[in-house]
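The block underneath contains the structure these notes are about, expressed in structure tokens.
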Amino acid sequence: MSRPADGDKRTRTIRVDALSRVEGEGSLFVRVRRGVVEELNFRIFEPPRYFEALLRGRPYTAVPDLVSRICGICPFAYIFGASAALEAAFGAAPDEGIDRLRRLAYCGEWVQSHALHTHLLHAPDYLGSSDALGLEAPNHNLLDRAIMLKRAGNAIVETVGGRAVHPVNTRVGGFYRAPDRVAMDSLAATLEPALAEAIESVRFFAKLPHPDFEDDYVFVALHQPGEYPMQRGRVVSSLGLDIPVERYEEFFAETQVPHSTALQGVMRGLDRPYILGPLARYALNAAQLSPLVRELAAEAGLGPVVRNPHRSIVIRSLETVYALEEALRLARAYEPLERASVALTPRAGRGCAATEAPRGLCFHRYETDDQGRIAGANIMPPTSQNQPQIERDLRRTVEAGLALDDDALRESCERAIRNYDPCISCATHFLRLEIVRD
Amino acid sequence: MSAKRKLKLAVWKFASCDGCQLTVLDCEAVLRGAFDIAYFPEATSARIRGRYDVSLVEGSISTAHDAERIREVRRSSNFVVAIGACATAGGVQALRNGLEHEAFKRAVYARPEYVDSLANSTPLAEHVAVDFELRGCPIDGRQLEHVLSALVDGRRPAISGHSVCLECKLAGNVCVTVAQGTPCLGPITQAGCGALCPRHSRGCYGCFGPQDTAAGRSPSLYLAFDSRGASFARRDER
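From first to last, the protein sequence lines stand for chains A and B.
In terms of our numbering, the first sequence opens at residue 275 and continues consecutively.
In terms of our numbering, the second sequence opens at residue 3 and continues consecutively.
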């Protein structure tokens, strides 16, 4: 990958950029002229909430609880990203026990989010159903499994974080109170049966018929030797990029598109989009999955790289199994922390961090003043970075589906978008398709 | 309302994080068919036209378009429940209220003219009549189930109006303010969370909003913080 030429307007850097909310209402505008897609705009209309601006001047201690509110589905992606970035800014490093507890919490978030998306939001696309409620045999137990897995995810997040949504027990430097051993034993007892169900889910999703669709994706994900990436790692790509997270903004930027409150990600010097999330994590980290998950992947017929986004449901279900296995391992091995958090000395500084949110890499940068107040912040959530690739998939979906009537074409487009799990409220029937056929 | 006929339920989203809708999706009664789900884009692409017996509304009003949309929700609904801190108080995005909105837009967006956004983020009740408010960031699942089951039974929902402080006493927690000198908003915050933060050795940060009769006690809480040197009131937090 080459560095961008200076002054390249396409990839202009936005210094203080948006945390635009990407779940919510979106629309798609397509103009087709003489069988050729002439214009295609995928737009997101979530009201802006100005998080980066709200953070300015606030004490670092207030940041985790504030950024948690960016997303009720993946609060840990924001809480832990912000905490790690601020710890880096202050030159602090939480010890291993805290790191393991964070990884356990992150497993819970993956299980919550993936169980919801795969079972309740995505699966109906493959079953020709409008939802996963009230399905008949042989799919009738999809809802039961969803509820069981969601509960398992909630149990992890509650045990570590105190509350299933917007956990209260985390702080910059670690936790307010370390869970006790008894809580971990009861958590492990909840997770064991959930793991067995999650394995059945992989087998169920693997058999679902899926559309043929592939692209030569540029994958970007975190990579950390010895583990499947969650709360840390270097940033790697399928084009050979391998950088520490501090250099992220040298290679990636966000641009604003007219009439959209979501910013879009671009990789500098690359003339096509890149993709974050399950497909990318899997392609760049499959070797670090557990033996059980690798076996299930082979059974599901997945090769080492999956280029069909309609199979992302299988990868999410594999990641659910991995997260439950990992959570069980961490819960069983847990030894109560002597100190729930490390002492911090606030100072003027700059810190970066990235985590793998369920939807993909989420980047954070914070600057602090000498009192530890926030002087600047930049957060690049995964869905805004995925937007250009979503548009590219949409364009190809429309081109291949021009013979379809508007309803069928709209359905194909919605499926192309749901493949990305672009945050929950987007994930079902959010698309107003306006198609002009000249 | 007849208990025989299933109620038609709609769930709407305005400016928010989806966390309260997630709590609705954790509610088994909703998932397992206690209601006719007429509109709930997060759960189903099926849609039944109004009118709706019950509308659960998440999010605050922060754009001109949303100010119009909430009036349509009101017109098409018999019973409107505002769920969560955004819908009942404007949410975390209301921290911008009273500050210079244009500067906020410029700080976040390179092209602020593309962005439709009102200067203030406001609760639903400033725009329409709201039949019931369920507090919390996010709402509590047990309180939600209480409200929904009351509506199914044709009762008016009622949530106890006491403070987090009382929940904490009932749970037998050691007071974090008295024992550790940690500032805690529990005495003036609406109950519902189960005194979560004090149970985790931290002070309540008020995510359920002010308890209804809290105003009279606020000055004494301020003095209690000040006398302990917590200087909470002087922090640059609102």
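C-beta atoms are modelled at their ideal positions from N, C-alpha and C, and glycine is treated no differently.
According to the neighbour-count rule (16 or more other Cβ atoms, all chains shown, within 10 Å of its Cβ), is residue i buried or exposed?
i	result
PRO261 of chain A	Nothing can be reported for residue 261 of chain A: it is not among the residues displayed for chain A, which extend from 275 to 712.
ARG289 of chain A	With a pLDDT of only 19 at ARG289 of chain A, under 50, the local geometry of the prediction cannot be trusted, and no value is derived from it.
CYS88 of chain B	buried
SER222 of chain B	exposed
ARG307 of chain A	exposed
GLY577 of chain A	exposed
ILE372 of chain A	buried
ILE664 of chain A	buried
ILE63 of chain B	buried
GLU361 of chain A	buried
GLY365 of chain A	exposed
GLN386 of chain A	buried
TYR224 of chain B	exposed
GLY408 of chain A	exposed
PRO441 of chain A	buried
LEU469 of chain A	buried
Quick check on residue i: does DSSP put it in helix, strand or coil?
i	result
GLU641 of chain A	strand
LEU417 of chain A	helix
VAL341 of chain A	helix
LEU559 of chain A	Per the sequence presented here, residue 559 of chain A reads as Asn, with Leu not at that position. It is helical.
ASP2 of chain B	Outside the modelled stretch of chain B, which goes from 3 to 240, sits residue 2 of chain B, for which no answer is possible.
ILE141 of chain B	strand
CYS177 of chain B	coil
LYS15 of chain B	strand
SER165 of chain B	strand
SER203 of chain B	coil
PHE487 of chain A	coil
ALA40 of chain B	strand
GLU312 of chain A	strand
PRO583 of chain A	helix
ARG317 of chain A	strand
VAL446 of chain A	coil
ASP20 of chain B	coil
GLY435 of chain A	helix
VAL132 of chain B	coil
PRO212 of chain B	strand
LEU635 of chain A	strand
ALA45 of chain B	coil
Confirm, please, whether the CB-CB distance from residue j to residue i is below 8 angstroms.
i	j	result
GLN562 of chain A	ARG376 of chain A	no
PHE42 of chain B	LYS8 of chain B	no
LEU683 of chain A	ALA426 of chain A	no
SER591 of chain A	VAL476 of chain A	yes
VAL311 of chain A	GLU673 of chain A	yes
ALA45 of chain B	LEU27 of chain B	yes
SER1 of chain B	ALA12 of chain B	There is simply no residue 1 of chain B to check, as chain B begins at 3 and stops at 240 in what is shown.
LEU136 of chain B	CYS29 of chain B	no
ALA605 of chain A	ALA379 of chain A	no
TYR608 of chain A	MET458 of chain A	yes
ALA495 of chain A	LEU544 of chain A	no
GLY100 of chain B	SER78 of chain B	no
TYR556 of chain A	ALA628 of chain A	no
If distances are taken between C-alpha atoms only, which option among the options comes closest to residue i?
i	options	result
ALA397 of chain A	A:GLY309, A:LEU417, A:GLU326 and A:GLU593	A:LEU417
ALA327 of chain A	B:LYS8, B:ALA36, B:ALA96 and B:THR215	B:ALA96
GLU147 of chain B	B:GLY211, B:GLY194, B:THR124 and B:ASP20	B:GLY194
CYS19 of chain B	A:GLY346, A:LEU329, A:VAL337 and A:ASN428	A:GLY346
GLY634 of chain A	A:LEU550, A:ALA627, A:ALA614 and A:ARG521	A:LEU550
ALA173 of chain B	B:ALA197, B:GLU44, B:ALA217 and B:ALA17	B:ALA197
ARG204 of chain B	A:THR335, A:ILE653, A:CYS626 and A:PHE316	A:THR335
LEU570 of chain A	A:ALA406, A:VAL595, A:ARG585 and A:CYS381	A:VAL595
ALA105 of chain B	B:ALA48, B:THR25 and B:SER119	B:SER119
SER47 of chain B	A:LEU329, A:PRO368, A:GLY625 and A:GLU688	A:GLU688
ASN660 of chain A	A:ILE691, A:CYS348 and A:PRO333	A:ILE691
VAL741 of chain A	A:TYR640, A:LYS481, A:ALA480 and A:LEU482	As shown, chain A starts at 275 and ends at 712. That puts residue 741 of chain A outside it, with no answer to give.
TYR54 of chain B	B:HIS67, B:VAL75 and B:ARG71	B:VAL75
LYS481 of chain A	A:PRO412, A:VAL567, A:ALA574 and A:TYR352	A:ALA574
VAL166 of chain B	B:ARG158, B:ARG201, B:ALA152 and B:GLN182	B:ARG201
Evaluate the contact criterion for the stretch 121 to 130 of chain B versus the stretch 349 to 360 of chain A: three or more CB pairs, one atom per stretch, below 8 angstroms. no
For the pair the stretch 75 to 82 of chain B and the stretch 27 to 35 of chain B, tell me if three or more CB-CB distances fall below 8 angstroms. no
May I ask you to verify whether the stretch 577 to 588 of chain A touches the stretch 478 to 493 of chain A, counting CB pairs closer than 8 angstroms and requiring at least 3? yes
Meets three-Cβ-pair contact criterion under 8 angstroms: the stretch 610 to 627 of chain A and the stretch 439 to 449 of chain A: yes
Taking three-plus beta-carbon pairs below 8 angstroms as touching, is the stretch 620 to 628 of chain A in contact with the stretch 202 to 217 of chain B? no
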